[in-house]
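Scroll down for the structure; my scribbles are underneath it.
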Amino acid sequence: MKVMQAAAEESFEFLGKSEAVENQEIITLEDVNIHYGSFHAVKNASLPIYEKQVTAFIGPSGCGKSTVLRSINRMNDMIRGATIDGKVLFHGHDLYAKDVDPVLIRRSIGMVFQKPNPFPKSIYENITWGAKINGFKGDYNELVETSLQKAALWDEVKDKLKENALRLSGGQQQRLCIARTLAVQPEVILMDEPASALDPIATGRIEELILELKKYYTIVIVTHNMGQASRVSDNTAFFMVDEGRTGYLEEYAPTEQLFLNPTHKKTEEYISGKFG
Amino acid sequence: MTQRSITHPFGKKRRLHERVIETILFLFALFSIMITVGIAVILIRESFLFFSTPEVTLVGFFTGKTWQPMIDMFGFLPLLNATITTSVIAMLFAIPLGLFVAIYLAEYATDKVRGRLKPILEVLAGIPTIVYGYFALTFMTPLLRSIFGQETVEIYNTASAGLVIGILVLPMIATMAEDAISAVPKELRLAGLALGGTPIETTFRVVIPAALSGLSATFLLALSRAIGETMIVALAAGAGPNMTFNPFEAAETITGYIVRISGGDVSYNSVDYNSIFALGLVLFIITFTLNLISRKVSSLFYQEYE
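So the protein lines, in turn, are chains A and B.
With the first letter of the first sequence counted as 1, position 1 gets the number 1 in the numbering used here; the numbers rise by one all the way through.
The numbering used here runs 1000 ahead of the 1-based position in the second sequence.
Below is the structure:
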């Protein structure tokens, strides 16, 4: 126990330094408030997201973590009655400024959903779909191969690229969805509980993949699984829900610190399984 | 606590009335099926009478380009041709328009707008077809004649009838196509948008392709409805077989001919009279086949997204 604590303190220091030196803030949330109609879903969320790191959003159901995630690529625009105040800065530019086109945001900030949702088309077409509408001019065969390789799916599907994607297993479908997102060449990938519909083996492969992908991409992941958050993320944001069922950010810290030395009582209770 | 009895209190009698009701329900179901079978049997028997007439041959019937029972010419191609002409015109008009209405309703309309528009469409579907027939004759035909010229467009013509059949099947296509489009999972739309697709790109390059089999089933059913449509063509398309590909000329469809003969004073057991059963049988087979294919396609589609 003592050893673990010492290690945690050491790594906390290390992480604290590394952020300052190597990783820049790519996204900043400033006082984000989200309403669905008259319902106040999230209040005053402010947090940084660092480039080429994995940031995890955890918290009990209804705490607004997925809502906050969707505000980062403006997918909340699709929900009728959803309004947002505050700022979401991407490279310092507010994504909700009038001159910003949400369609173009999503080409830089991709998203992977909870339930694998490949198009009912071939594996090949799933990968090329986003590139095509983005006016990709390069070699499509190469794009398909590199995207599938980055998503650790190439070896399993290289002989059946023309097959319908719906015939793949759930885990393969989810990796295909990741590959499809990579093919658009985003900077940031948002993942909304990407492994919650998968079995433990498929989940393990997704986690390995996330660790590999963070070399090239900034990743934000919402997860219910605290083990997963501690395994894959560098920073963790813990969201809570108040008596009015409004979600808010309770604590944000480097992952090891948040899990080993949480400063807030609620964080400690949540990660030790007292509720949620 | 004593154990309750689990045997029938009155022996097997208890279940008797359930069996009786079950049997009655089964008989009603059987009755409706028997009626359909009965219709098919009568069509086949009377058609047999027609084809056993010495003047009629199967080959002549299916390949002949003249239908003049008065002079023993029984080639049904002119009738089939007119039926195909009116149906194709109807589909050319109704499929694009119905599809756009459906896309709008399913993807873009707010709940409020949808709530107002759908009842209007349903009312449109409830108008008696004879009224559509008048509409073709007194509105569509004059309109076509004023656009294309009095000399070009005859008073009775297949274009007018076809367009009005198109209006007739439009609500059916719009509502069924909307169901097919709405059955496409929301997740696919989100995927399209999340990959940087605009709403239009997502609609036309994800949602519509994903709904294609459901849409095909809709179109086949609408085609079947158009082929079988009677009152509009009887009133507006013309009353005389005419082998023409010009939609501005009068031409009688299969259904139009059947109406004229069965309403006229042709004697029973004449060849003319029997011919309408053969034509009815052909019509029955065409629409039955289309409906079967449509059902098959549609069940495959809805299975895909369960």
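We treat Cβ as the ideally placed atom computed from N, Cα and C, and that holds for glycine.
Going by the beta-carbon positions, is the gap between residue i and residue j smaller than 7 Å?
{"i": "Ala195(A)", "j": "Ile178(A)", "result": "no"}
{"i": "Val184(A)", "j": "Gly110(A)", "result": "yes"}
{"i": "Asp1272(B)", "j": "Pro1128(B)", "result": "no"}
{"i": "Asp192(A)", "j": "Val144(A)", "result": "no"}
{"i": "Leu1290(B)", "j": "Leu1220(B)", "result": "yes"}
{"i": "Val32(A)", "j": "Gly81(A)", "result": "no"}
{"i": "Leu1195(B)", "j": "Gly130(A)", "result": "yes"}
{"i": "Phe259(A)", "j": "Lys65(A)", "result": "no"}
{"i": "Phe1074(B)", "j": "Gly1060(B)", "result": "yes"}
{"i": "Val1113(B)", "j": "Ser1216(B)", "result": "no"}
{"i": "Tyr1132(B)", "j": "Leu1168(B)", "result": "yes"}
{"i": "Phe1301(B)", "j": "Gly1192(B)", "result": "no"}
{"i": "Tyr217(A)", "j": "Leu161(A)", "result": "no"}
{"i": "Ala1236(B)", "j": "Ala1161(B)", "result": "yes"}
{"i": "Leu249(A)", "j": "Ala45(A)", "result": "yes"}
{"i": "Ala1106(B)", "j": "Ser1182(B)", "result": "yes"}
{"i": "Asn126(A)", "j": "Arg180(A)", "result": "yes"}
{"i": "Thr1198(B)", "j": "Val103(A)", "result": "yes"}
Check whether chain B comes within 7 Å of residue i, counting only Cβ atoms and requiring the distance to be less than that.
{"i": "Gly135(A)", "result": "no"}
{"i": "Gly81(A)", "result": "no"}
{"i": "Gly16(A)", "result": "Residue placement at Gly16(A) is flagged as unreliable, the pLDDT there being 43, under the threshold of 50; the coordinate-derived value follows with that caveat. Cβ-Cβ to chain B under 7 Å: no for Gly16(A)."}
{"i": "Val21(A)", "result": "Residue placement at Val21(A) is poorly supported in this model, since its pLDDT is 42, which falls under 50; the coordinates still yield a value, given next. With 7 Å as the cut-off, Val21(A) does not count as an interface residue toward chain B."}
{"i": "Gly130(A)", "result": "yes"}
{"i": "Arg107(A)", "result": "yes"}
{"i": "Leu168(A)", "result": "no"}
{"i": "Val157(A)", "result": "no"}
{"i": "Gln257(A)", "result": "no"}
Would you mind reading off the limits of the beta strand (DSSP E) that contains residue i?
{"i": "Thr83(A)", "result": "82 to 90"}
{"i": "Ala253(A)", "result": "247 to 254"}
{"i": "Ile49(A)", "result": "39 to 50"}
{"i": "Phe239(A)", "result": "235 to 241"}
{"i": "Asp277(A)", "result": "What the structure shows of chain A is the stretch from 1 to 276, and residue 277(A) is not part of that stretch, so it cannot be assessed."}
{"i": "Val112(A)", "result": "109 to 112"}
{"i": "Tyr36(A)", "result": "25 to 36"}
{"i": "Thr56(A)", "result": "One point to set straight first is that residue 56(A) is Ala, not Thr, in the sequence displayed. That run of the beta strand (DSSP E) goes 54 to 58."}
{"i": "Ile219(A)", "result": "218 to 222"}
At 9 Å on the CB atoms, spell out the chain B contacts of residue i, in chain order.
{"i": "Arg175(A)", "result": "Result: empty, since nearest Cβ-Cβ is about 14 Å, beyond 9 Å."}
{"i": "Gly110(A)", "result": "Ala1194, Leu1195, Gly1196"}
{"i": "Thr146(A)", "result": "In chain order: nothing, as chain B lies at least about 17 Å away."}
{"i": "Val88(A)", "result": "Simply none; closest approach about 16 Å."}
Which residues of chain A have a Cβ atom closer than 9 Å to the Cβ of residue i, listed in chain order?
{"i": "Glu1151(B)", "result": "By Cβ distance, chain A contributes nothing, its closest Cβ being about 50 Å from Glu1151(B), past 9 Å."}
{"i": "Leu1188(B)", "result": "Asn117, Pro118, Phe119, Pro120"}
Closer than 7 Å by beta-carbon distance: list the chain B residues that pair up with residue i, in chain order.
{"i": "Asn76(A)", "result": "Within 7 Å Cβ-Cβ: nothing; Asn76(A) doesn't reach chain B, min ~12 Å."}
{"i": "Gly171(A)", "result": "Result: empty, since nearest Cβ-Cβ is about 17 Å, beyond 7 Å."}
{"i": "Val103(A)", "result": "Gly1196, Thr1198"}
From which residue to which residue does the alpha helix (DSSP H) around residue i run?
{"i": "Asp1179(B)", "result": "1158 to 1182"}
{"i": "Ala1040(B)", "result": "1016 to 1051"}
{"i": "Tyr1257(B)", "result": "1254 to 1263"}
{"i": "Thr1086(B)", "result": "1077 to 1103"}
{"i": "Ala1125(B)", "result": "1111 to 1125"}
Could you name the residues of chain A that residue i contacts, counting a contact when the two beta carbons are closer than 8 Å?
{"i": "Gly952(B)", "result": "Since the first residue of chain B shown is 1001 and the last is 1306, residue 952(B) is not available in this structure."}
{"i": "Ala1210(B)", "result": "Phe119, Pro120"}
{"i": "Glu1154(B)", "result": "The contacting residues do not exist; Glu1154(B) stays about 48 Å from chain A at best."}
Cβ of residue i less than 7 Å from any chain A Cβ?
{"i": "Ala1109(B)", "result": "no"}
{"i": "Val1206(B)", "result": "yes"}
{"i": "Ala1180(B)", "result": "no"}
{"i": "Glu1046(B)", "result": "no"}
{"i": "Glu1201(B)", "result": "yes"}
{"i": "Phe1301(B)", "result": "no"}
Applying a beta-carbon distance threshold of less than 8 Å, which residues of chain B neighbour residue i?
{"i": "Val184(A)", "result": "Leu1195, Gly1196"}
{"i": "Thr181(A)", "result": "Ala1194, Leu1195"}
{"i": "Phe113(A)", "result": "Glu1187, Leu1190, Ala1191, Ala1194"}
{"i": "Glu141(A)", "result": "Sequence check: residue 141(A) is Asn here, not Glu. Chain B residues near Asn141(A): none, gap ~19 Å exceeds 8 Å."}
{"i": "Asn73(A)", "result": "Ala1194"}
Worksheet item: Is it true that the region 50 to 63 of chain A meets the region 233 to 244 of chain A, where meeting means three or more beta-carbon pairs spaced less than 8 Å apart?
Response: Yes, the region 50 to 63 of chain A touches the region 233 to 244 of chain A.
Discussion item. For the pair the region 1121 to 1136 of chain B and the region 1198 to 1218 of chain B, tell me if three or more CB-CB distances fall below 8 Å.
Written reply: Contact between the region 1121 to 1136 of chain B and the region 1198 to 1218 of chain B is absent, because fewer than three Cβ pairs lie under 8 Å.
Practice prompt. Could you tell me whether the region 1272 to 1289 of chain B touches the region 1028 to 1045 of chain B, where touching means 3 or more Cβ pairs closer than 8 Å?
Written response: Under the Cβ criterion (8 Å, minimum of three pairs), the region 1272 to 1289 of chain B counts as touching the region 1028 to 1045 of chain B.
Worksheet item: Would the region 90 to 97 of chain A and the region 134 to 144 of chain A be scored as touching if the rule is three or more Cβ pairs under 8 Å?
Response: As far as the Cβ criterion goes, the region 90 to 97 of chain A does not touch the region 134 to 144 of chain A, which means the pair count is below three.
Discussion item. Whether or not the region 1160 to 1175 of chain B and the region 1084 to 1097 of chain B are in contact is what I'm after, with contact meaning three or more pairs of Cβ atoms, one per stretch, closer than 8 Å; do they touch?
Written reply: Contact holds: three or more Cβ-Cβ distances are below 8 Å.
Fill in: the region 1250 to 1266 of chain B in contact with the region 1020 to 1037 of chain B per 3-pair CB rule at 8 Å
Taking a cut-off of 8 Å on C-beta distances, the region 1250 to 1266 of chain B does not touch the region 1020 to 1037 of chain B, as fewer than three cross pairs fall below it.
Worksheet entry | Contact between the region 1258 to 1267 of chain B and the region 1143 to 1155 of chain B (3+ Cβ pairs under 8 Å) | By the Cβ criterion, the region 1258 to 1267 of chain B is not in contact with the region 1143 to 1155 of chain B, since fewer than three pairs of Cβ atoms, one from each stretch, lie closer than 8 Å.
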